[in-house]
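Beneath this line is the structure, given in structure tokens, with notes to follow.
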Ligand SMILES: [Zn+2]
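Residue numbers (my numbering): 656 to 1078.
This is the structure we're talking about:
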């Protein structure tokens, strides 16, 4: 963009030099330096820092005629024009600052795009008329006529556009910055997105103008501020793309999947239902960053962490082995399982008034399970010793006999008290 503007400037300068009328001094004069009105220039250009009412330093090397020069700034200049009714107008215009230039360049479209209005050629191409629209009570409609130097360079030239310090101080603050609008320019990227879609339809490759959308961050300074970290180039546990992804994730706060999405071109649909293609929002350094396996981020893992109970195992019953103990046991009493349980909160005995000592209360019991019928008998016990367990067993057998007139043929249990001699 800057290069383009400077090229335009050079061609005008060359034609002015050929005429050798306008550029007389080797060092341009702030008040006398002319401005060329040029729709071909993407932005304006000025050699004078004192033209600007707001300013942002940049460093863009551009190829000038003999050697490389540097555009050192971009900002809004305030230039003075005389309207056809004699009123003085002060217009804010977007310009590059190239100190080595010796003419000014005015890009009318940057003004019209921002503030409306139009320009046209009149009277067989001898004048250009800029129509400035009515913008409220203090901005009536105006006309600026710019003569074209027909005998010489055949360029529309403006003279005495510079403003003095007093004008800048009083009027400058009332003008709107052209810079803010252009930094957030959406129109440019929209056009580019449309072009990209057209190229895709014809199967042509797309190239994105990186000069236009500069969205690059320096991680180096951040790295220097902090100690060696996971995202450091020296970390060999992650691949280059993974480290880049992690840095972007930290920088933007977006999830890494989202960052990867922003790294690929994407299709969009405009309000008139036409498809367009947008360039990557983030330009990755490595090609595979948009598709590399997503690394772990310590901060995110901590944020997602949940409390877990250690040592708890979950078991799932195996389908084929369910009810394995009950199979082949057809009759009640053929197969009885036994086990004991312990209760930490002692339970009251059914007799008395609940004033028995803690040691004399129920502390557990034995459960009997008949495999064939699924019948269950629970016997509470004060102690889980063999003696009391045998009493429980007898009670169970009595219950089973009274109920079904059967005797237990086989008991099944684990070790514990059932192995004891008494039992
Ligand atoms: Zn994270």
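Ideal placement from N, C-alpha and C gives every residue a C-beta, glycine not left out.
Say yes only if the C-beta of residue i is nearer than 7 Å to one or more non-hydrogen atoms of ligand 1, and no if none qualify.
i, result
"residue 960", "no"
Once the 5 residues before and after residue i are set aside, which same chain residues still bring their CB inside 8 Å of it?
i, result
"residue 848", "923, 931, 932, 933 and 934"
"residue 679", "Residue placement at residue 679 is flagged as unreliable, the pLDDT there being 47, under the threshold of 50; the coordinate-derived value follows with that caveat. Contacts found: none."
"residue 988", "1025, 1027, 1055, 1059, 1061, 1062, 1063 and 1064"
"residue 781", "802, 803 and 805"
"residue 775", "783, 784 and 786"
Just to confirm, are residue i and residue j a CB contact at a threshold of 8 Å?
i, j, result
"residue 1022", "residue 1037", "no"
"residue 814", "residue 751", "no"
"residue 709", "residue 730", "yes"
"residue 734", "residue 784", "no"
"residue 1080", "residue 754", "With the chain covering only 656 through 1078, there is no way to say anything about residue 1080."
"residue 940", "residue 899", "yes"
"residue 760", "residue 660", "yes"
"residue 1001", "residue 1016", "yes"
"residue 854", "residue 758", "no"
"residue 990", "residue 1027", "yes"
"residue 818", "residue 745", "yes"
"residue 1024", "residue 992", "yes"
"residue 717", "residue 658", "yes"
"residue 801", "residue 811", "yes"
"residue 725", "residue 714", "yes"
"residue 740", "residue 665", "no"
"residue 691", "residue 707", "no"
"residue 1041", "residue 1075", "yes"
"residue 1003", "residue 1009", "yes"
State buried or exposed for residue i, treating a residue as buried only when at least 16 other CB atoms are found within 10 Å of its CB.
i, result
"residue 997", "exposed"
"residue 985", "exposed"
"residue 765", "buried"
"residue 1031", "exposed"
"residue 705", "exposed"
"residue 700", "buried"
"residue 886", "buried"
"residue 823", "buried"
"residue 1048", "buried"
"residue 937", "buried"
"residue 1060", "exposed"
"residue 857", "exposed"
"residue 685", "exposed"
"residue 795", "exposed"
"residue 953", "exposed"
"residue 965", "exposed"
"residue 951", "exposed"
For residue i, which residues from the same chain have a beta carbon less than 6 Å from its beta carbon, with the 5 sequence-adjacent residues on both sides left out?
i, result
"residue 1039", "995 and 1019"
"residue 957", "none"
"residue 852", "930, 931 and 932"
"residue 911", "900, 904 and 949"
"residue 915", "945"
"residue 968", "none"
"residue 917", "936 and 937"
"residue 884", "none"
Between which residues of its own chain and residue i is the CB-CB distance below 7 Å, once the five residues before and five after are set aside?
i, result
"residue 919", "935 and 945"
"residue 663", "693, 695, 696 and 760"
"residue 773", "767 and 786"
"residue 947", "894, 896, 897 and 900"
"residue 738", "744, 797, 798 and 799"
"residue 925", "931"
"residue 1073", "993"
"residue 891", "none"
"residue 711", "728, 729, 730 and 834"
For chain D, is any of its Cβ atoms less than 8 Å away from the one on residue i?
i, result
"residue 1058", "Among the chains of the structure shown, chain D does not appear; only one protein chain is present."
Legend entry - For review: beta carbons within less than 5 Å of any heavy atom in ligand 1: 952, 954 and 955
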